[in-house]
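**Q** The structure is given below, and queries will be raised subsequently.
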């Protein structure tokens, strides 16, 4: 005990440095973990505050989970979250790597830099702004898309109430926002490849295409695998902004836009089903945790330095 | 002469002119598509309101007008107030976040710190498991009582373990142990060493984290959506959302409501809304080409660990 206090005193300056951050982690990351017990309770708000609300709510065991998994919601939100993320990961990877290679091959480096700056812009904009951008194209009576359709003599489409189009729209918007950012990561590692490898390949008579296939892609594959695995670890988490702002929270689209994150939010703010959406949140955290651990484990096997922990 | 020769050599290394043109077109078109929606919104905001009602959103409107911007600056103190909230939150938030993160990351980067392993894991665990939206909401609003205060916009974004890891890497690569040790031998205290030696040496790292968090605060609307009801505390992004949903609400109820006409006149017209979007985005549009370098740096450094 005395040794412990001696150590604390010896490390007091460092301890003092981590203290504010540690307090933050305690309140914003660790205390909410306690709150997850509401997934097993029938939540009743209590004026006395956080502890009283949790304490006085009645235990209901697994009832919240049973309701959640019995009423089709769980299926829809899980399917949407997984499928969208899967498509984002695959298409995002293909297009980002292709764009990175393409940019690295351009002869005029200044132009390449200019394109890169343009592509990076969407990353800096908030989902609210992107939602407005989408509206300028998709608005029923004024949007550009319906005007173009009218030019071909096609009836205007009520985009914000036609669920069938939204999987494509969401995928397009997601790619639009992410490609520039991701291709920068790949471009950075392409530029780091030893130039003499290309020269050697060229002397051996390799065409440009063969150089890409046999030099660039193999050397890029560790980072590709790692980025992909890390994304797979996050596959149970959806980008709330994309699924909430871009479809403008339109109720008729929920069948194709509702993901776990938007479901939990609506449970809290609109429908008031606190217990059930905490259950959905816990379901997300637990499965998400397992996926992160698994993918990190695989990353560790491939390249120890790239693993998160 | 020499340059001519050099160019020939370079051409030999590179793709053919034809392919270069094709690739340029592909990259150029995509880059343009990334910028185009913003330009389009600028054009809409500069369109005459009546023309817009008649023709819809056009690339080349029949009648241009600055009325939307005049309207905003004449009538809308909402926008100015939101600007104020956003700027305050961004500045205070970034400062707090830099202080918390740089101290924490420095401590766990020092090998002499006995509890560095414990506090590293304490931070990293938060990346693995979180309580989720609702428990966090309950802690922030009920336990900490931050609902409808500016701190609800600042504190939830102040820290995250990922930034700590990035900065820790920066410290361990750009501040050699020997420097810290020699400062200690010269009689400098831990804090003095940190302030006078470590921080100046790790400026690029701090800049990266600072920019990440500035962007995070400027673009945040989610915390406002959860915690802010007071109209005086609504940040920019969130205000843009609110205008939108209030218009939808009025449009849906306009058939059977007598108050809707008055309400409709008090909310900004289509062009003014787009002008607000432009004004909220403008600072980022001007700043991001300068930030880009640091983001690329941050991205690549984040991938490399000690």
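Residue numbers (the working numbering), protein chains in the order written: chain S, 141 to 449; chain Z, 136 to 441.
No residue lacks a Cβ here, since even glycine has one placed at the ideal position from N, Cα and C.
1. Locate the alpha helix (DSSP H) running through residue 191(S), then write down its first and last residues.
2. Do we get a CB-CB distance below 8 Å when we pair residue 211(S) with the residues of chain Z?
3. 8 Å is my cut-off, CB to CB: does residue 432(S) come that close to chain Z?
4. Compile a chain-ordered list of the residues in the region 387–410 of chain S whose CB is closer than 8 Å to at least one CB of chain Z.
5. Does the separation of the CB atoms of residue 421(S) and residue 413(S) fall below 8 Å?
6. So, at 7 Å on beta carbons, what are the nonlocal neighbours of residue 408(Z) in its own chain, with the 5 sequence-adjacent residues on each side left out?
7. Taking DSSP as the reference, what is the three-state secondary structure of residue 257(S)?
8. Within 8 Å (strictly less), CB to CB, does residue 144(Z) reach chain S?
9. If residue 343(Z) and residue 272(Z) are in contact, beta carbons under 8 Å, what's the gap, nearest whole angstrom?
10. Based on the DSSP output, what are the partners of residue 182(Z) in its beta bridges?
11. Quick one: which chain Z residues come within Cβ less than 9 Å of residue 320(S)?
12. Going by other Cβ atoms of all chains shown within 10 Å of its Cβ, with 16 needed for buried, is residue 324(Z) buried or exposed?
13. I'd like the ranges of any alpha helix (DSSP H) spanning at least 4 consecutive residues and lying wholly in the region 307–384 of chain Z.
14. Compute the beta-carbon to beta-carbon distance between residue 360(S) and residue 326(S), rounded to the nearest angstrom, for a pair I have assumed lies under 8 Å.
15. What residue from 287(Z), 414(Z), 333(Z) and 284(Z) has the CA that sits closest to residue 372(Z)'s CA?
16. How about residue 240(Z) and residue 327(Z): are their beta carbons less than 8 Å apart?
17. Take every Cβ of the region 204–224 of chain S, pair it with every Cβ of the region 392–402 of chain S, and state whether three or more of those distances are shorter than 8 Å.
18. Which of the three DSSP states is assigned to residue 182(S) in this structure?
19. Smallest Cα separation from residue 441(S): which of 409(S), 369(S) and 164(S)?
20. Among the candidates 330(S), 371(S), 378(S) and 372(S), whose CA atom is the shortest distance from the CA of residue 355(S)?
21. Could you tell me which chain S residues have their CB closer than 7 Å to the CB of residue 266(Z), listed as they occur along the chain?
22. Can you list, in chain order, the residues of its chain whose CB lies under 6 Å from that of residue 251(Z), leaving out five sequence neighbours each side?
23. Would you say residue 199(S) reaches chain Z, if we count a Cβ-Cβ gap shorter than 8 Å as a contact?
24. Thinking just about the alpha-carbon of each residue, which of 189(Z), 274(Z), 175(Z) and 164(Z) is nearest to the one in residue 282(S)?
25. To the nearest angstrom, report how far apart residue 311(Z) and residue 199(S) are at their CA atoms.
26. Can you say whether residue 320(Z) is buried or exposed, counting buried as having 16 or more other CB atoms within 10 angstroms of its CB?
27. Does the beta-carbon of residue 150(S) have 16 or more other beta-carbons within 10 angstroms, so that it is buried, or is it exposed?
28. Less than 8 Å between the C-beta atoms of residue 278(Z) and residue 432(S), yes or no?
29. Do residue 410(Z) and residue 180(Z) have their beta-carbon atoms positioned less than 8 Å apart in this structure?
30. Identify the residues that DSSP records as bridge partners of residue 199(S): which are they?
31. Quick check on the DSSP output: what are the complete alpha helix (DSSP H) runs of length 4 or more inside the region 295–345 of chain S, in order along the chain?
32. What residues in the region 156–169 of chain S have a beta carbon less than 7 Å from any beta carbon of chain Z?
33. Using a Cβ distance threshold of 8 Å, determine whether the region 349–364 of chain Z contacts the region 220–235 of chain Z, with at least three qualifying pairs required.
34. Residue 182(Z) to residue 321(S), Cα distance in whole Å?
35. Anything in chain Z within Cβ reach of residue 153(S), meaning under 8 Å, just list it in chain order.
36. Do we get a CB-CB distance below 8 Å when we pair residue 440(Z) with the residues of chain S?
**A** This is what the structure gives:
1. The residue you call residue 191(S) lines up with position 51 of the first chain. Segment 190–196, the alpha helix (DSSP H) holding residue 191(S).
2. One-based indexing of the first chain puts residue 211(S) at position 71. With respect to chain Z, the C-beta atom of residue 211(S) has no partner C-beta closer than 8 Å.
3. Within the first chain, numbered from 1, the residue matching residue 432(S) stands at position 292. Yes, because at least one Cβ of chain Z sits closer than 8 Å to the Cβ of residue 432(S).
4. Look at the region 387–410 of chain S: the residues with a C-beta under 8 Å from a C-beta of chain Z are 388, 389, 401, 404, 405, 407, 408 and 409.
5. Looking up residue 421(S) in the first chain gives position 281. Looking up residue 413(S) in the first chain gives position 273. No.
6. Working through the second chain from its first residue, we reach residue 408(Z) at position 273. Same-chain partners within the cutoff: 378.
7. In the first chain, residue 257(S) corresponds to position 117, counting from 1. In the three-state reduction of the DSSP assignment, residue 257(S) falls in the helix class.
8. Taking the first residue of the second chain as 1, we reach residue 144(Z) at position 9. With a pLDDT of 49 at residue 144(Z), under the threshold of 50, the modelled position of this residue cannot be trusted; read the value that follows with caution. So no, residue 144(Z) is outside the interface.
9. In the second chain, the residue the question calls residue 343(Z) occupies position 208. In the second chain, the residue the question calls residue 272(Z) occupies position 137. In this structure residue 343(Z) is not in contact with residue 272(Z), their Cβ atoms being roughly 30 Å apart against a cut-off of 8 Å.
10. On the second chain, residue 182(Z) is found 47 positions in, with the first residue counted as 1. Residue pairing for residue 182(Z): DSSP places it in a beta bridge opposite 199(Z).
11. The sequence position of residue 320(S) within the first chain is 180, counting from 1. Per Cβ cutoff of 9 Å: 165, 166 and 169.
12. Stepping through the second chain from its first residue, residue 324(Z) is reached at position 189. The residue in question, residue 324(Z), is exposed, as its Cβ has fewer than 16 Cβ neighbours within 10 Å.
13. Positions of the alpha helix (DSSP H) runs, each at least 4 residues long and wholly inside the region 307–384 of chain Z, are given as 312–320, 325–328, 338–354 and 357–362 in order along the chain.
14. The residue labelled residue 360(S) in the question sits at position 220 within the first chain. The residue labelled residue 326(S) in the question sits at position 186 within the first chain. Between residue 360(S) and residue 326(S) the beta-carbon gap is near 6 Å, inside 8 Å, which marks them as a contact.
15. Working through the second chain from its first residue, we reach residue 372(Z) at position 237. With distances taken between Cα atoms, residue 372(Z) lies closest to 414(Z).
16. The residue given as residue 240(Z) occupies position 105 in the second chain. The residue given as residue 327(Z) occupies position 192 in the second chain. Taking C-beta atoms as the reference points, residue 240(Z) and residue 327(Z) fail to come closer than 8 Å.
17. Here the region 204–224 of chain S lies against the region 392–402 of chain S, with 3 or more beta-carbon pairs under 8 Å apart.
18. Indexing the first chain from 1 puts residue 182(S) at position 42. Three-state DSSP puts residue 182(S) in a strand.
19. Taking the first residue of the first chain as 1, we reach residue 441(S) at position 301. With distances taken between CA atoms, residue 441(S) lies nearest to 369(S) out of 409(S), 369(S) and 164(S).
20. Working through the first chain from its first residue, we reach residue 355(S) at position 215. Cα-wise, what sits closest to residue 355(S) is 330(S).
21. One-based indexing of the second chain puts residue 266(Z) at position 131. Ordered by position in chain S, the residues that pass the 7 Å Cβ test against residue 266(Z) are 172, 173, 175 and 176.
22. Residue mapping note: residue 251(Z) aligns to position 116 of the second chain, counting from 1. Excluding five sequence positions before and after residue 251(Z), the CB atoms of its chain that fall closer than 6 Å to its own CB belong to 243, given in chain order.
23. As a first step, residue 199(S) must be located in the first chain, where it is residue number 59. Taking Cβ atoms only, chain Z never reaches closer than 8 Å to residue 199(S), which makes this a no.
24. Your numbering for residue 282(S) matches position 142 in the first chain. The shortest Cα separation from residue 282(S) among 189(Z), 274(Z), 175(Z) and 164(Z) belongs to 189(Z).
25. The residue you call residue 311(Z) lines up with position 176 of the second chain. The residue you call residue 199(S) lines up with position 59 of the first chain. Cα to Cα, residue 311(Z) sits roughly 55 Å from residue 199(S).
26. On the second chain, position 185 is the one that residue 320(Z) refers to. Label assigned to residue 320(Z): exposed.
27. Taking the first residue of the first chain as 1, we reach residue 150(S) at position 10. Around the C-beta of residue 150(S), fewer than 16 other C-beta atoms lie within 10 Å, and the residue is accordingly described as exposed.
28. Sequence index remark: in the second chain, residue 278(Z) carries index 143 (1-based). Sequence index remark: in the first chain, residue 432(S) carries index 292 (1-based). Not in contact: residue 278(Z) and residue 432(S) (Cβ atoms no closer than 8 Å).
29. As a position in the second chain, residue 180(Z) is number 45, starting the count at 1. As a position in the second chain, residue 410(Z) is number 275, starting the count at 1. Yes, these two residues count as a Cβ contact at 8 Å.
30. Working through the first chain from its first residue, we reach residue 199(S) at position 59. Under DSSP, residue 199(S) takes part in a beta bridge, and its partners are 181(S).
31. You should have 306–331 and 335–343.
32. Considering only beta carbons, the part of the region 156–169 of chain S lying closer than 7 Å to chain Z consists of 157, 158, 160, 161, 162, 164, 165, 167, 168 and 169, in chain order.
33. Segments in contact, yes.
34. If you number the second chain from 1, residue 182(Z) lands on position 47. If you number the first chain from 1, residue 321(S) lands on position 181. The alpha-carbon atoms of residue 182(Z) and residue 321(S) are separated by roughly 32 Å.
35. Mapped onto the first chain, residue 153(S) falls at position 13. Within chain Z, the residues placing a beta-carbon under 8 Å from that of residue 153(S) are 324, 325 and 326, ordered along the chain.
36. Translated into positions along the second chain, residue 440(Z) becomes position 305. With a pLDDT of 43 at residue 440(Z), under the threshold of 50, the modelled position of that residue is not reliable, and the figure given next carries that caveat. Yes, because at least one Cβ of chain S sits closer than 8 Å to the Cβ of residue 440(Z).
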